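Report on the structure given below.
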Amino acid sequence: MDLYYDLVIIGAGISGINFARRLQESNPALSFVILEARDSIGGTWDFFKYPGIRSDSDLYTFGFPWYPWTEDRAIADAGSIKQYLTQAIKYANLESHIRLRHKVMKADFSEESVKWTLITKGDGRTKSISCRFTIFGTGYYDYERPLSTTIPELGQFKGEVVHPQSWPEDLDYQDKRIVIIGSGATAVTLLPSLAKQAQHVTMLQRSPGYIVSMNNRTPPLLKWLLPQTLLYGLLRFWFLTSLFVQFQFCRNFPEIAKRKLKENMQLQLPPDIDIDPHFTPRYNPWEQRLCLSPDGDFFACLRAGTASVVTGQIQGFSNKSIILQNGERIDDVDIIITATGLRLVFAGKIQISVNGRILDTPKKLLWRGCMLENVPNACFIMGYTNASWTLGADSSAVLFCRLLTGMEQSQQTAMTPRFQGGEEERSLMKTSSFLNLNSTYVEKAIGILPKVGDRGPWKARRNYYLDFCIARWGNLSDGLLFDGENHSQKKVL
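Each residue of the sequence shown is one higher than the last, beginning at 1 in the UniProt record's numbering.
Pasting the structure below:
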């Protein structure tokens with residue numbers, strides 16, 4: 001006999017946990033289960049094991065609005081984040097709803113029976129689970145395969161080569177000379193952590209990025225003056241507002257923003273490292289995410305001489321040396337770390353179908369950033385690229401739970417995002433990637449991710465304040481059709 005729930009939430013990471021709590025608050029009568037493919041909760045914060053792994057967003061906005069982050073640092077390591085998630089699960093009494101080692105392989109929606117059927121694998125068994133609604137809280141990283149990149153003659157290198165996604169637990173880098181290939185968030189995170197034990201760490205970058213230092217401690221005076229609840233609310237508002245203002249300023253005044261960011265980096269560099277070319281990006285701020293350096297730890301390593309930065313194209317390798325196209329060499333290298341990006345996937349690579357027909361995801365539009373065109377009763381939880389992931393995930397959860405409440409009250413059985421114009425109007429809509437970044441790993445994923453449009457509910461989400469207001473109080477009728485028990489389609493809300 002198939003298991004049946006009102007909702008199935010796929011993923012016990014930040015997105016799935018938050019949705020479950022929002023569901024408890026708004027629709028406590030609905031039954032639900034959280035399916036997690038891995039042996040433990042936490043998603044990203046349980047999977048990645050490389051040294052120094054931490055958040056690249058502050059925990060006051062990356063954490064849950066219903067469970068305050070109480071530590072006195074805004075940026076936290078993976079272990080602390082996972083502990084926070086575990087505590088949040090206990091606070092919300094979600095333990096009994098979580099099923100570990102349940103990897104969802106297929107999800108099919110039947111318009112005839114108006115339900116989803118999920119096929120899961122785990123512990124050597126295959127299960128079938130049915131539900132009215134499926135929530136895809138899977139994030140967008142491929143845990144099985146890292147992003148492949150071509151590095152010429154890497155096979156000629158005689159030392160150890162490591163990808164951060166597959167970090168060996170027994171890797172000994174004490175007193176070793178390490179080269180990190182890459183300049184993104186992973187590289188900026190790894191460098192100060194490795195420099196604590198390595199003889200020397202070099203970040204070898206093809207092109208530089210923007211690195212922003214931030215004070216990672218809560219002002220002691222505020223902690224002394226304010227009660228914890230008020231302090232959390234104040235800090236959350238501060239980080240929300242400051243990041244929003246920063247993003248808007250960078251997008252509207254890119255040249256001024258570029259100059260200010262470079263000036264701040266210049267002030268933290270030692271005299272022997274030039275701002276150009278090592279810290280002069282070719283793109284405008286927020287065309288790719290800015291990299292954070294808590295308490296300026298990245299620049300502190302450069303000033304201490306335990307780390308350095310080299311900018312150039314790799315020509316090849318010789319024994320334990322890296323040869324660049326400009327003739328430079330990096331010699332006596334013991335370990336190379338290829339921090340060249342992560343592979344993105346959609347909905348955890350689950351085979352999704354409607355009436356047995358597999359979705360052509362890249363041709364689909366996202367409705368309000370959380371539902372997929374012509375796919376009934378499904379929420380695809382997406383975060384922001386220009387702010388903390390959880391802010392976007394929470395907006396999606398609040399919006400979808402509000403829709404569920406409306407459906408229960410009006411006794412509707414299914415809701416489907418559908419473009420209301422004709423085929424010609426649909427074909428004329430200007431579309432783009434919902435991620436809105438030009439990073440290499442994003443551009444390589446364009447062919448597998450859904451799109452956003454340029455109008456109405458199909459537009460990309462970029463403004464948390466606006467998105468949250470729409471989720472709470474906005475008109476959700478546009479582009480959404482509801483089915484009654486007789487399956488006649490009509491708009492509600």
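C-beta atoms are modelled at their ideal positions from N, C-alpha and C, and glycine is treated no differently. All values reported here derive from a predicted model rather than from experimental measurement.
- [ ] Would you list, in sequence order, the uninterrupted alpha helix (DSSP H) runs of no fewer than 4 residues that lie entirely inside the region 270-324?
- [x] 275-278 and 297-304
TODO: Using beta-carbon positions only, say whether Ser213 and Gln268 come within less than 9 Å of one another.
DONE: yes
- [ ] Using the DSSP secondary-structure output, state which residues sit across from Thr202 in a beta bridge.
- [x] Val179 and Ser308
Task: Cβ shell of Tyr143 (< 6 Å), same chain only, five flanking positions each side left out - done: Phe47
- [ ] Determine, using beta carbons only, whether Ser26 and Leu7 come nearer to each other than 9 Å.
- [x] no
TODO: Measure the C-alpha to C-alpha separation of Ile178 and Gly479 and round it to an integer number of angstroms.
DONE: 53 Å
- [ ] Return the CA-CA distance between Ser242 and Arg236, expressed in angstroms with no decimal places.
- [x] 10 Å
TODO: Determine which residues share a DSSP beta bridge with Leu118 and list them.
DONE: Ala107 and Ile129
Open item on the list: Considering just the uninterrupted stretch of the alpha helix (DSSP H) at Cys379, what are its terminal residues?
Closed with: From DSSP, Cys379 is part of no alpha helix (DSSP H) but of the beta strand (DSSP E) over Ala378 to Phe380.
- [ ] Kindly confirm or deny that the region 451-458 and the region 351-367 touch, where touching means at least three C-beta pairs closer than 8 Å.
- [x] yes
Open item on the list: Quick check: the Cα distance between Phe380 and Leu449, rounded to an integer number of angstroms?
Closed with: 12 Å
- [ ] List the endpoints of the continuous beta strand (DSSP E) containing Pro220.
- [x] That residue, Pro220, is in no beta strand (DSSP E); its alpha helix (DSSP H) goes Pro220 to Leu225.
Open item on the list: Taking the straight line between their C-alpha atoms, what separation do you get for Thr340 and Tyr50?
Closed with: 14 Å
Open item on the list: Only counting the same chain, and skipping five residues up and downstream in sequence, which positions put a Cβ closer than 8 Å to that of Asn264?
Closed with: Val212 and Ser213
Task: In DSSP terms, what Phe32 is bridged to - done: Leu7
Task: From Gly209, Leu481, Lys320 and Thr189, residue whose alpha carbon lies closest to that of Arg418 - done: Leu481
Open item on the list: According to DSSP, Glu160 sits in a beta bridge with which residue or residues?
Closed with: Ile335
Task: DSSP three-state assignment for Met407, whether helix, strand or coil - done: helix
Open item on the list: Using only the alpha-carbon positions, how far apart do Trp66 and Lys320 sit?
Closed with: 51 Å
Task: Residue range of the unbroken alpha helix (DSSP H) whose run includes Gln228 - done: Gln228 to Asn252
Task: Per DSSP, the bridge partner or partners of Gly453 - done: Lys459
TODO: Assign Gln325 to one of two classes, buried (16 or more other C-beta atoms within 10 Å of its C-beta) or exposed (fewer than that).
DONE: exposed
Task: Option in Ile41, Pro457 and Asn374 with minimal Cα separation from Leu94 - done: Ile41
- [ ] Report the three-state DSSP secondary structure of Leu344 (helix, strand or coil).
- [x] strand
Task: CB contact flag (Asp72, Gly52, <9 Å) - done: no
Open item on the list: Could you compute how far the alpha carbon of Val375 sits from the alpha carbon of Leu147?
Closed with: 29 Å
Open item on the list: Tell me which residues share the same chain as Trp473 and place their Cβ nearer than 7 Å to its Cβ, disregarding the 5 neighbours each side in the sequence.
Closed with: none
Open item on the list: According to DSSP, simplified to helix, strand and coil, what is Gln24?
Closed with: helix
Open item on the list: With a threshold of 7 Å on Cβ separation, who are the neighbours of Arg251 within its own chain once the five nearest residues in sequence on each side are excluded?
Closed with: Trp286
- [ ] Return the CA-CA distance between Glu111 and Glu255, expressed in angstroms with no decimal places.
- [x] 52 Å
Open item on the list: In this structure, how does DSSP classify Ile53 when only helix, strand and coil are distinguished?
Closed with: coil
Open item on the list: Rounded to whole angstroms, what is the Cα-Cα separation between Tyr464 and Val442?
Closed with: 21 Å
Task: Given residue 494 as reference, the closest of Gly16, Cys301 and Gly392 once Cα atoms are compared - done: Given a span of 1 to 493 for the chain in the structure shown, any question on residue 494 remains unanswerable.
TODO: Pick helix, strand or coil for Phe47, following the three-state DSSP scheme.
DONE: helix
Open item on the list: With a threshold of 8 Å, are at least 3 pairs of Cβ atoms found where one atom belongs to the region 99-111 and the other to the region 120-134?
Closed with: yes
Open item on the list: Is the beta carbon of Asp467 closer than 9 Å to that of Ser395?
Closed with: yes
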